[in-house]
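Structure, as structure tokens:
In this note's numbering, the protein residues as written are 902 to 1059.
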């Protein structure tokens, strides 16, 4: 028996975009499953990338980590729809955070695949993670301000 968010009668107040995925014939429940599967695959790719890093293959780690992030971001399109995903990603409040994060994903993938440089791949993944945190904080009320104050207090205490 479905209840709450999983109930067909649940009013999501516009969170789930029913029109975007209708051309694929996906119901609300199928989209929730697709989101969950896609998100878990992205998470597992990120975990697998860590195992590759332990083996010393930093370019392989960077590639798998970046692909895992892309799959996880794509999973949200099953919930809110493709157009709403792009609208929220490129809203003025997070435009530059999105551009920097996506650019770092691409740069990390391209340079890790072509150059196979250990330290460059590692540095790009660290910067990519910081960009992801900054991008994600834009969805949390006062999230960026909390980060600014935290690192500001760390710098002043040194």
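For every residue, glycine included, the Cβ atom is placed at its ideal position computed from N, Cα and C.
Nearest residue (CA-CA) to residue i, options the options
| i | options | result |
| --- | --- | --- |
| residue 1017 | 1049, 1041, 967, 960 | 960 |
| residue 992 | 1025, 1040, 1020 | 1040 |
| residue 967 | 942, 1047, 1054 | 942 |
| residue 1022 | 1047, 946, 1057, 964 | 964 |
| residue 1030 | 1019, 1006, 1043 | 1006 |
| residue 1042 | 995, 988, 947 | 995 |
| residue 945 | 1032, 972, 1024 | 972 |
| residue 1028 | 952, 1056, 998, 955 | 998 |
Exposure label - residue i; buried when at least 16 CB within 10 Å
| i | result |
| --- | --- |
| residue 1050 | exposed |
| residue 1009 | buried |
| residue 969 | buried |
| residue 1058 | exposed |
| residue 928 | exposed |
| residue 950 | buried |
| residue 1020 | exposed |
| residue 952 | exposed |
| residue 1055 | exposed |
| residue 1053 | exposed |
The alpha helix (DSSP H) enclosing residue i, as first and last residue numbers
| i | result |
| --- | --- |
| residue 1040 | No alpha helix (DSSP H) holds residue 1040; DSSP gives it neither H nor E. |
| residue 927 | Note, residue 927: premise wrong, no alpha helix (DSSP H); not H, not E. |
| residue 970 | 959-976 |
| residue 1051 | 1044-1057 |
| residue 1010 | 996-1015 |
| residue 987 | 983-990 |
>> If contact is defined by three or more beta carbon pairs under 8 angstroms, each pair taking one atom from either stretch, is the segment 969-976 in contact with the segment 931-945?
In response: yes
>> Taking 8 angstroms as the cut-off, does the segment 1031-1047 touch the segment 998-1005 (at least 3 CB pairs, one atom from each stretch)?
In response: yes
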